Amino acid sequence: MTDVNAAPLSIKEAKDGAIKLTDVPTEGATALIPEPLAHTPRDLIDIYISGQAVVVRQPVGELVGGFFEVRVPKTALLDHTGPKREFKYVCYYGGANPGFGDPIVYDILHS
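In terms of our numbering, the sequence shown opens at residue 4 and continues consecutively.
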């Protein structure tokens, strides 16, 4: 297995450990994925909320300030509203070799 930067993702719209759906744009929340070690443009990202894949095999895109920005659909957040929802990601190096980021917990609130 390939080693990945184990730092957890962060949600740009979150404040004090909570994601308020009223603060999330229609296109979704922005997950900031820390730059993995030895990444390539062919790398892919999956994002999970409470064990359910909500983003599957998303290309990493461009690196911005040390992070990849990946959209988490607002509908996925709506489906997981409640306290202490675990977020985690998997980076597939070259589209195949998985590396895992540490989990992080957010409350997902309607407002």
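Beta carbons are placed, not taken as given, at the ideal position from N, Cα and C, and that holds for glycine. From a predicted model like this one, the values you see are computed outputs, not experimental measurements.
Identify which residue in the options has its Cα closest to the Cα of residue i.
i: His113; options: Pro86, Ile48, Gly97; result: Pro86
i: Ala34; options: Ala79, Gly68, Leu80, Lys15; result: Lys15
i: Val27; options: Pro62, Asp19, Thr78, Ile107; result: Thr78
i: Lys23; options: Leu81, Asp49, Lys91; result: Leu81
i: Gly102; options: Ala41, Ala17, Val57; result: Ala41
i: Val57; options: Asp19, Lys91, Thr29; result: Lys91
According to the neighbour-count rule (16 or more other Cβ atoms, all chains shown, within 10 Å of its Cβ), is residue i buried or exposed?
i: Ile111; result: buried
i: Tyr95; result: buried
i: Leu12; result: buried
i: Pro106; result: exposed
i: Gly104; result: buried
i: Val59; result: exposed
i: Gly64; result: exposed
Among the residues of its own chain, which have a CB less than 8 Å from the CB of residue i, if the five just before and after it don't count?
i: Gly97; result: Thr43, Arg45, Asp46
i: Glu38; result: Asn8, Leu66, Gly69, Phe70, Phe71
So, at 7 Å on beta carbons, what are the nonlocal neighbours of residue i in its own chain, with the 5 sequence-adjacent residues on each side left out?
i: Ala21; result: Tyr109, Asp110, Leu112
i: Ala17; result: Tyr109
i: Ala3; result: Residue 3 lies beyond the stretch modelled for the chain, which goes from 4 to 114, so this question has no answer here.
i: Thr25; result: Ser114
i: His83; result: Ile52, Ser53, Ile111
Give me, in chain order, the residues of the same chain whose beta-carbon lies closer than 6 Å to that of residue i; leave out the 5 immediate sequence neighbours on both sides.
i: Gln61; result: Ile48, Val73
When the cut-off is 8 Å and only beta carbons count, does residue i lie next to chain C?
i: Pro106; result: Any reference to chain C falls outside this structure, which holds one protein chain only.
Sequence ranges, beta strand (DSSP E) only - wholly within the stretch 42 to 92, length at least 3 = Correct list: 47 to 52, 55 to 62, 70 to 75.
message = Check whether the stretch 50 to 59 and the stretch 67 to 87 touch, using three or more Cβ-Cβ pairs below 8 Å as the test.
response = yes
request  = Flag this pair as touching only if the stretch 24 to 44 and the stretch 72 to 80 have three or more C-beta atom pairs under 8 Å; answer yes or no.
outcome  = Yes, the stretch 24 to 44 is in contact with the stretch 72 to 80.
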